[in-house]
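Peer 1: Quick one: the structure is below, questions incoming.
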Amino acid sequence: MDKKKIILSGMRPTGKLHIGHFVGALENWVHLQDSYQNYHLIADYHTLTTSLDTTNVYNDTIDMVIDWVACGIDPVLSPIFRQSKVKEHTELFLIFSMLITKARLEKNPTLKDQIRDLNLQSITYGHLGYPVLQAADILLYKGDLVPVGEDQVPHVEITRHIAGLFNEQYILKDGKKIFPIPEPKITKFARLPGLDGKAKMSKSLGNTILISDGEDEIKNKMKKAFTDPNKLRKGDKGNPDICLVFTYHNKFNPGEVPEIREGCSSGTLGCFDCKMNIANKIKDYFAPVHNKRSELEKNIDYIKNVLSDGETKAKAVAENTMGEVREAMKLG
Ligand code: SF4
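Below, the structure is given as structure tokens:
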């Protein structure tokens, strides 16, 4: 049987996740876990690029892992682990930092966007180099594929570049190259817009529905959701194609989409009813996740075990790769 291809995917520990995380990543991870060998990284060191306050990192990690497992990640199939617990990440990061030029990192378009979006006056050496840490994260596990949205493709390019540079410079005694050149695997429904109609759902923008939100929270949030601004009351004709709520129907209520389009365009459907309908559909969609979540919240020791098992498995792979790296570099 062919060896399963390896996928490394991760998130920064941001606490309870929102339904944009589910649509943009988690759902896809669950879908991939039988056909690929997945490793799921909690990128806690990466949080330092934008905040030095680590007070909540541990609790945010636990909350995030609860969401991962509740949404269907099987930690036995796919190890879940913290970057900071596998020191080989920082070791390989250091070696890779010597290969790539500062000019190449400064060209990274995602970094330019971040500087603009966060209005940063200056950035740290570590922030400039975070795609190098990402390369180490991926290549330690010899990732063949990296699931990303379109905007993350430049990072995979940097990883590919670094893997190529290392392979050119250092090979094992038998002539074997250590690192694969990973390919981006673009997620199909990569981004769910926020409740305010902004392209991205994000906690910092306050426009999210959390996976853990109950019926009342979902309905209250949905009442404020952005719709066609020209449709003020039932009877007005609307344009569903510019309405955020319609995007959510497309994702969570596809069966009723033709009917909703017709009702909105003709004016027979009012926005309040349309919003309460999708709020109910989102509640139903996540009901099994909520049930699993409440079990897991009562058993935090299980979540701690998920982390320690995942870290043991990840460490074994990472140590093996670093052994090869040291051999190829003749470091003994
Ligand atoms: S009826 Fe529904 S789809 Fe149409 S504008 Fe209102 S919320 Fe949007």
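Here the numbering used here runs 2 ahead of the position in the sequence shown, where the first position is 1. No residue lacks a Cβ here, since even glycine has one placed at the ideal position from N, Cα and C. Remember, it's a predicted structure, so these values are computed and weren't measured experimentally.
(1) Jot down the residue ranges of each uninterrupted alpha helix (DSSP H) in the stretch 203 to 271, minimum 4 residues, whole runs only, in chain order.
(2) Would you say the beta carbon of I344 is closer than 8 Å to some non-hydrogen atom of the ligand SF4?
(3) The ligand SF4 and L194: does any heavy atom of the ligand fall closer than 8 Å to the residue's C-beta?
(4) So, for I1: in the same chain, excluding its five sequence neighbours on each side, which residues have a beta-carbon less than 8 Å away from its beta-carbon?
(5) Compare the beta carbon distance of P149 and S11 with 9 Å and say whether it is the shorter of the two.
(6) Taking all protein chains shown into account, decide if Y60 is buried (16 or more other Cβ within 10 angstroms of its Cβ) or exposed.
(7) Using the three-state DSSP reduction, which class does R88 fall into: helix, strand or coil?
(8) Taking the alpha helix (DSSP H) that S11 falls in, what are its first and last residues?
(9) For N1, which three-state DSSP category applies?
(10) Run the CB neighbour count on N209, radius 10 Å, all protein chains shown included, and call it buried at 16 or more, exposed below.
(11) Buried or exposed: which applies to V308, given that a residue is buried once 16 or more other Cβ atoms fall within 10 Å of its Cβ?
(12) Below 8 Å, can you find three or more Cβ-Cβ pairs linking the stretch 165 to 179 to the stretch 30 to 49?
(13) Consider the C-beta atom of L271 and the heavy atoms of the ligand SF4; say whether any pair is separated by less than 8 Å.
(14) By alpha-carbon positions, which one of V247, H48, I9 and Y47 ends up nearest to V32?
(15) Can you tell me whether H155 sits near the ligand SF4, meaning its C-beta is under 8 Å from at least one heavy atom of the ligand?
(16) Tell me, to the nearest whole angstrom, how far the beta carbon of E313 is from that of F83; I am working on the premise that it is less than 8 Å.
(17) Leaving out five residues before and five after Y47 in sequence, what residues of the same chain have Cβ atoms less than 6 Å from its Cβ?
(18) Rounded to a whole number of angstroms, what is the C-alpha to C-alpha distance between E108 and H129?
(19) Who are the Cβ neighbours of V158 in its own chain at under 7 Å, not counting the five residues just before and after it?
Peer 2: Let me lay it out:
(1) 217 to 225, 246 to 254 and 259 to 268
(2) Because the chain is modelled from 3 through 334, residue 344 falls outside the range shown and cannot be assessed.
(3) As a working mapping, residue 194 is identified with position 192 in the sequence shown. L194 Cβ: outside cutoff for every heavy atom of the ligand SF4.
(4) With the chain running from 3 to 334 in the structure shown, residue 1 is simply not present.
(5) The residue labelled residue 149 in the question sits at position 147 within the sequence shown. The residue labelled residue 11 in the question sits at position 9 within the sequence shown. In this structure, S11 lies closer than 9 Å to P149 by Cβ.
(6) Sequence index remark: in the sequence shown, residue 60 carries index 58 (1-based). Exposed is the call here.
(7) Counting from 1 along the sequence shown, the entry for residue 88 is found at position 86. One detail in the question is off: residue 88 reads as Val in this sequence, not Arg. If DSSP states are grouped into helix, strand and coil, V88 belongs with coil.
(8) As a first step, residue 11 is located in the sequence shown; it is residue number 9 there, counting from the start. No alpha helix (DSSP H) holds S11; the beta strand (DSSP E) holding it covers I8 to M13.
(9) Residue numbering for the chain in the displayed model covers 3 to 334; residue 1 lies beyond these limits and cannot be assessed.
(10) The sequence position of residue 209 within the sequence shown is 207, counting from 1. Under this definition N209 is a buried residue.
(11) Translated into the one-based positions of the sequence shown, residue 308 becomes position 306. By the 10 Å Cβ count, V308 comes out buried.
(12) no
(13) By one-based count along the sequence shown, residue 271 stands at place 269. Answer for L271: yes, Cβ within range of the ligand SF4.
(14) Residue mapping note: residue 32 aligns to position 30 of the sequence shown, counting from 1. It is I9 whose Cα lies nearest to the Cα of V32.
(15) Mapped onto the sequence shown, residue 155 falls at position 153. Note on identity: in this sequence residue 155 is Val, with His being the wrong assignment. V155 Cβ: outside cutoff for every heavy atom of the ligand SF4.
(16) Here residue 313 is taken as the residue at index 311 of the sequence shown, counted from 1. Here residue 83 is taken as the residue at index 81 of the sequence shown, counted from 1. E313 to F83, Cβ: 4 Å. Contact.
(17) Here residue 47 refers to the residue found at position 45 when the sequence shown is read from its first residue. Here the set comprises Q85 and S86.
(18) Residue mapping note: residue 108 aligns to position 106 of the sequence shown, counting from 1. Residue mapping note: residue 129 aligns to position 127 of the sequence shown, counting from 1. Here the C-alpha atom of E108 lies approximately 11 Å from the C-alpha atom of H129.
(19) Your numbering for residue 158 matches position 156 in the sequence shown. So the list reads V148, V150, P184 and P186, once near-sequence residues are dropped.
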